[in-house]
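Worksheet: one structure, shown below.
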Amino acid sequence: MHKSIALFAGDGAGRDQLRVVRCVLEAVAARFGHQLSLIDALFGAAAQARRGHALPEETRLLARDVDALFIAFACDAVPRSYPDADAINARRAATARATSHLALDLDAGATLRPVHAYPSSSDIAALRPELARAVDLLVVHPPAAPSPQRDALFDVERARRSAITAFQMAQRRRRRLTCVDRGPSDSAGPSWRSVVDDLARRFADVRVDHLAFDDAGRRLLEHPRRFDVIVTSALLGELLGDQAALLAGSLGLQGTATVGGRTDLYAPTRAETILDDGDGPRVINPVGSVAAVALCLEHSLGMPDEARAVSDAIQGVLALGYYTADLRFHVPRHQRGLVDTRGMRQLLCHYITHGHSHDDAQRGEDARGLSS
Numbered sequence: 385m386h387k388s389i390a391l392f393a394g395d396g397a398g399r400d401q402l403r404v405v406r407c408v409l410e411a412v413a414a415r416f417g418h419q420l421s422l423i424d425a426l427f428g429a430a431a432q433a434r435r436g437h438a439l440p441e442e443t444r445l446l447a448r449d450v451d452a453l454f455i456a457f458a459c460d461a462v463p464r465s466y467p468d469a470d471a472i473n474a475r476r477a478a479t480a481r482a483t484s485h486l487a488l489d490l491d492a493g494a495t496l497r498p499v500h501a502y503p504s505s506s507d508i509a510a511l512r513p514e515l516a517r518a519v520d521l522l523v524v525h526p527p528a529a530p531s532p533q534r535d536a537l538f539d540v541e542r543a544r545r546s547a548i549t550a551f552q553m554a555q556r557r558r559r560r561l562t563c564v565d566r567g568p569s570d571s572a573g574p575s576w577r578s579v580v581d582d583l584a585r586r587f588a589d590v591r592v593d594h595l596a597f598d599d600a601g602r603r604l605l606e607h608p609r610r611f612d613v614i615v616t617s618a619l620l621g622e623l624l625g626d627q628a629a630l631l632a633g634s635l636g637l638q639g640t641a642t643v644g645g646r647t648d649l650y651a652p653t654r655a656e657t658i659l660d661d662g663d664g665p666r667v668i669n670p671v672g673s674v675a676a677v678a679l680c681l682e683h684s685l686g687m688p689d690e691a692r693a694v695s696d697a698i699q700g701v702l703a704l705g706y707y708t709a710d711l712r713f714h715v716p717r718h719q720r721g722l723v724d725t726r727g728m729r730q731l732l733c734h735y736i737t738h739g740h741s742h743d744d745a746q747r748g749e750d751a752r753g754l755s756s
């Protein structure tokens, strides 16, 4: 099978992610006999520096002509006390704006944030492991708009497209949909509640309930298993998705997809980074990028077996006790397999290619201490 995937990196942290994504996709192609064309393009801060525009026309056209695309989201903002903080944050903002404009240009319908705890990752959860093991949900919301002002406005069509996607996802899962809004203040005029209730008649096999945002956040912490699919606004979806990901172990372990347009976009939910003395933040946990690859393989490329192999690799490597520096304060004492970005990349790609074998422990020893 031949498929084309565009790879967009926006800054130094993005380049770290794409090295991992390329390695994983090449390992999948080799194992399953596919031809995957991986096409790099200028995007975000890098494009801004070289072309004067964060989303050049050639990049925009390429995005419309591939089977899927992966975007290396910029890292979080760095503190102002960090050297060159203004320049780093400007690069981050350029990539974030370009991502929103690209989703709008591709007419994307919804952003999917699946959150689940890998059995081994529940041990590193910040809260009780038994809560982490119960997390298995999907947050659906409209793609983030290029400006916060646009996100703040209620758009019936954007809400409707996201809600339809949420209902369809619920039909494939446990058939339960929770609509989250701001509460009574959202009840006047068109609202998430009215949009979802209108569509519920078309999806009679899905059970629907409504929660205000503060109540949803509390219940998520108390009883995460009650949630299957959550549909809400872009802002509230980001907040609830982050909360669920932290409950499950780490923001750095989850991927995201923006679907329903001409081309689907994939990215890590968050690239967990660390500040160094070089050219800014560097990625230290690439697992979220690999989880996004699994989403891409399943949803856009029609490769469920390949997606399962990637997910199995994540689970297998974590189960062997390997972790990156962002998780070092949460890992139990009996799991001390600290690796850096390059080491985690090698472990994951080797696992995809060869699966579990008796020399895993030795490979892990070789991977420790490798520089990224």
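Read in our numbering, the sequence shown has 641 at position 257, and its numbers run on one by one without any break.
Cβ coordinates follow ideal geometry from the N, Cα and C atoms, glycine included.
Could you check what DSSP says for residue i in three-state terms: helix, strand or coil?
i	result
tyrosine 735	helix
glutamine 401	helix
serine 578	helix
aspartate 424	strand
aspartate 565	strand
threonine 725	helix
serine 684	coil
alanine 777	Because the chain is modelled from 385 through 756, residue 777 falls outside the range shown and cannot be assessed.
threonine 479	helix
arginine 560	strand
alanine 629	helix
arginine 602	helix
leucine 784	Outside the modelled stretch of the chain, which goes from 385 to 756, sits residue 784, for which no answer is possible.
arginine 551	It should be noted that the sequence gives phenylalanine, not arginine, for residue 551. Note: phenylalanine 551 maps to helix in three-state DSSP.
arginine 585	coil
arginine 591	strand
phenylalanine 538	coil
alanine 501	coil
Starting from the C-beta of residue i, find all residues in its chain whose C-beta is less than 6 angstroms away, skip the five residues before and the five after it, and write them out in chain order.
i	result
glycine 739	none
arginine 403	none
proline 688	Glu682
leucine 453	Ala390, Ala447, Thr647 and Leu649
alanine 618	His525, Pro526, Ala528 and Asp535
proline 574	Val540
Name the DSSP bridge partner or partners of residue i?
i	result
aspartate 491	According to DSSP, which records beta bridges pairwise, aspartate 491 is partnered with nothing at all.
Give me, in chain order, the residues of the same chain whose beta-carbon lies closer than 7 angstroms to that of residue i; leave out the 5 immediate sequence neighbours on both sides.
i	result
leucine 422	Ile389, Leu391, Arg406 and Leu409
arginine 558	Asp612
aspartate 424	Leu391
Round the Cβ separation of residue i and residue j to the nearest angstrom and send it over; I've been treating them as touching at under 8 angstroms.
i	j	result
valine 564	leucine 624	7 angstroms
methionine 385	histidine 418	5 angstroms
glycine 758	histidine 525	Residue numbering for the chain in the displayed model covers 385 to 756; residue 758 lies beyond these limits and cannot be assessed.
valine 643	glycine 493	6 angstroms
serine 695	alanine 678	5 angstroms
leucine 439	alanine 641	Between alanine 641 and leucine 439 the Cβ distance is about 20 angstroms, and since that is not below 8 angstroms, they are no contact.
glycine 645	leucine 490	4 angstroms
With burial defined as no fewer than 16 other Cβ atoms inside 10 Å of the residue's Cβ, what is the status of residue i: buried or exposed?
i	result
phenylalanine 734	The sequence as given places histidine at residue 734; phenylalanine does not occur at that position. Buried, by the Cβ-count rule.
valine 540	exposed
aspartate 661	Below a pLDDT of 50, predicted positions are generally treated as unreliable, and aspartate 661, at 45, falls in that range; the measurement from the model is reported next regardless. Label assigned to aspartate 661: exposed.
aspartate 724	buried
glutamate 690	buried
proline 498	buried
proline 527	buried
aspartate 589	exposed
glycine 686	exposed
histidine 742	At histidine 742, the pLDDT of 36 sits below 50, so the modelled position is not reliable; the number obtained from the coordinates is stated separately. It is exposed - the Cβ of histidine 742 has fewer than 16 other Cβ atoms within 10 Å.
histidine 607	exposed
arginine 517	buried
Looking only at its chain, what residues have a beta carbon closer than 8 angstroms to the beta carbon of residue i, apart from the 5 residues adjacent to it on each side?
i	result
arginine 435	Leu426
alanine 414	Thr737
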